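I have placed the structure first, in the form of structure tokens, so that the comments after it can refer back to it.
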Amino acid sequence: MALNGVPDRRVRRIGIRKSVSLASLVLLPVTLNYFSPYLIIDGLFHGVLAGAFFVWAGFFLSGLIAGRAACAYICPYGGLQTALDEWTHKPLRPITHLKPVRYVLAVIWLAFILYPLLKSAGVLQVQPLYLTEGIVSVDNWGKAVFMVVLVVLLSILPLLFGKRATCHYLCPMSILNTAGSRIGRLLRIPSLRLKSDSSKCVSCGSCSRACTMSLDVREMVKSGRMYHSDCIMCGACTEVCRSGAVVRCFGRPGSEGRPAPNGEEPEDERKQA
Ligand code: SF4
Ligand code: SF4
Numbered sequence: 183m184a185l186n187g188v189p190d191r192r193v194r195r196i197g198i199r200k201s202v203s204l205a206s207l208v209l210l211p212v213t214l215n216y217f218s219p220y221l222i223i224d225g226l227f228h229g230v231l232a233g234a235f236f237v238w239a240g241f242f243l244s245g246l247i248a249g250r251a252a253c254a255y256i257c258p259y260g261g262l263q264t265a266l267d268e269w270t271h272k273p274l275r276p277i278t279h280l281k282p283v284r285y286v287l288a289v290i291w292l293a294f295i296l297y298p299l300l301k302s303a304g305v306l307q308v309q310p311l312y313l314t315e316g317i318v319s320v321d322n323w324g325k326a327v328f329m330v331v332l333v334v335l336l337s338i339l340p341l342l343f344g345k346r347a348t349c350h351y352l353c354p355m356s357i358l359n360t361a362g363s364r365i366g367r368l369l370r371i372p373s374l375r376l377k378s379d380s381s382k383c384v385s386c387g388s389c390s391r392a393c394t395m396s397l398d399v400r401e402m403v404k405s406g407r408m409y410h411s412d413c414i415m416c417g418a419c420t421e422v423c424r425s426g427a428v429v430r431c432f433g434r435p436g437s438e439g440r441p442a443p444n445g446e447e448p449e450d451e452r453k454q455a
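If you read the sequence shown in my numbering, its first letter stands for residue 183, the second for the next number, and so on.
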């Protein structure tokens with residue numbers, strides 16, 4: 183049976199996407215250390231490449247071929263945003279002066295990582311389980327309390343400002359796969375992307391309402407400008423578009439839709455200026 187005109191097959195896909203994202207949150211007690219920038223820095227100062235270093239590097243490299251899909255499917259803090267959105271259904275409130283915060287945080291973290299990395303290059307030991315010898319990150323009450331405090335802190339922005347506000351305004355990891363996707367586009371590496379056919383669009387607006395990152399997907403489809411640095415390739419817009427005007431595909435940059443009139447690469451376009 184179809185839900186709001188969305189075929190069963192797509193309803194199942196929506197369920198799977200949300201379940202995968204929520205599973206990443208449920209696994210946080212296991213994965214906490216593997217996403218920790220602190221462990222990367224601590225490891226580097228002790229001549230060790232910790233597991234988190236490879237996760238962060240993976241975030242960057244995944245951006246080359248999958249855009250920001252890691253935010254939608256792998257990141258436990260993305261899973262937290264999914265859970266809060268399912269609970270509150272609060273629309274994103276655009277706060278322009280918060281937008282630079284995640285870039286500033288990313289620069290600070292990367293400076294702390296690059297300094298010891300460059301200083302000790304060539305003499306680093308690879309220890310994926312550095313300070314996580316038992317594989318599970320949360321193995322005592324102190325770490326459990328830390329995890330709960332972290333979850334509460336990362337819940338404040340979405341509770342105040344709506345859908346995925348932490349991803350929009352705070353997350354430094356998002357800069358890594360955004361940088362990866364931008365470099366991938368420059369190098370014209372085939373990657374996961376959205377593709378539109380404006381002639382099929384009936385302007386129903388379902389895609390914009392469904393967008394996990396509150397983008398104006400309808401306008402993106404109309405203009406043929408389907409690349410947006412905030413798009414996390416979740417596919418929510420494609421799941422609700424009944425006319426097939428927006429789909430996910432794998433291909434080279436420029437295959438997104440009708441090219442911009444001046445022949446340039448499509449630029450970012452935001453719903454909220
Ligand atoms: S792309 Fe699809 S869902 Fe979005 S406005 Fe057009 S027809 Fe509606
Ligand atoms: S534009 Fe589509 S794929 Fe990108 S974040 Fe929005 S819903 Fe997800």
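Where a beta carbon is used, it is the ideal one built from N, C-alpha and C, also for glycine.
Just so we're clear, the structure is a prediction, and the values are computed from it rather than from any experiment.
Practice task
Please indicate yes or no: does the CB of residue 393 lie closer than 7 Å to some heavy atom of ligand 3?
Solution key: With respect to small molecules bound, the structure shown includes ligand 1 and ligand 2 and not ligand 3.
Problem - For residue 388, the first and last residue of its enclosing beta strand (DSSP E) - result: It is not in any beta strand (DSSP E) - residue 388 instead sits in the alpha helix (DSSP H) that spans 388-392.
Practice task
May I ask you to verify whether the region 355-362 touches the region 234-241, counting CB pairs closer than 8 Å and requiring at least 3?
Solution key: yes
Practice task
Identify which residue in 376, 309 and 322 has its Cα closest to the Cα of residue 233.
Solution key: 309
Exercise for the section: Verify the contact flag: residue 417, CB atom, against every heavy atom of ligand 2, threshold strictly below 7 Å. Expected result: yes
Handout entry: Buried or exposed (CB count within 10 angstroms, at least 16 for buried), residue 449
Key = In this predicted model, residue 449 has a pLDDT of only 43, less than 50, meaning its place in the structure is not dependable enough to derive any value.
Exercise for the section: Counting only the same chain and skipping the five closest in sequence on each side, list residues whose C-beta sits under 8 Å from that of residue 372. Expected result: 247, 432, 433 and 434
Exercise for the section: State yes or no: is the C-beta of residue 399 nearer than 7 Å to some heavy atom of ligand 1? Expected result: yes
Exercise for the section: Report all residues from its chain with a CB closer than 6 Å to the CB of residue 436; omit the five preceding and five following residues, and keep chain order. Expected result: none
Practice task
Tell me whether residue 386 counts as near ligand 2, meaning its Cβ is closer than 7 Å to at least one heavy atom of that ligand.
Solution key: no
Problem - Distance CB(residue 319)-CB(residue 261) smaller than 8 Å - result: no
Handout entry: Limits of the unbroken alpha helix (DSSP H) element including residue 237
Key = 233-248
Handout entry: Integer-rounded CB distance, given that residue 249 should sit under 8 Å from residue 413
Key = 7 Å
Exercise for the section: Identify every residue that forms a DSSP beta bridge with residue 431. Expected result: 375
Practice task
Let me know the secondary structure DSSP gives residue 450 once reduced to three states.
Solution key: With a pLDDT of only 42 at residue 450, under the threshold of 50, the placement of this residue in the model should not be trusted; the figure read from the coordinates follows. Of the three classes helix, strand and coil, the one that applies to residue 450 here is coil, per DSSP.
Problem - Cα-Cα separation between residue 224 and residue 370, rounded to whole angstroms - result: 36 Å
Handout entry: Outcome for residue 285 when other beta-carbon atoms lying within 10 angstroms are tallied against a minimum of 16
Key = exposed
Practice task
Hey, could you find the ends of the beta strand (DSSP E) residue 308 is sitting in?
Solution key: 307-309
Problem - Contacts around residue 420, its chain only, beta-carbon distance under 6 Å, and the 5 residues preceding and following it disregarded - result: 428, 429 and 430
Exercise for the section: State buried or exposed for residue 394, treating a residue as buried only when at least 16 other CB atoms are found within 10 Å of its CB. Expected result: buried
Handout entry: beta-carbon residue 429 near ligand 1 non-hydrogen atom, thresh 7 Å
Key = no
Problem - Through-space distance from residue 411 to residue 364, alpha-carbon basis - result: 8 Å
Practice task
With distances taken Cα to Cα, identify the nearest neighbour of residue 338 among 311, 193, 259 and 236.
Solution key: 259
Handout entry: Cutoff 7 Å; reference residue 366; Cβ partners in own chain excluding five residues on either side
Key = 245, 246, 247 and 373
Exercise for the section: Look up residue 230 in the DSSP assignment and give the residues it is bridged to. Expected result: 307
Problem - Opening and closing residue of the alpha helix (DSSP H) in which residue 195 lies - result: 190-208
Exercise for the section: Say yes only if the C-beta of residue 423 is nearer than 7 Å to one or more non-hydrogen atoms of ligand 1, and no if none qualify. Expected result: yes
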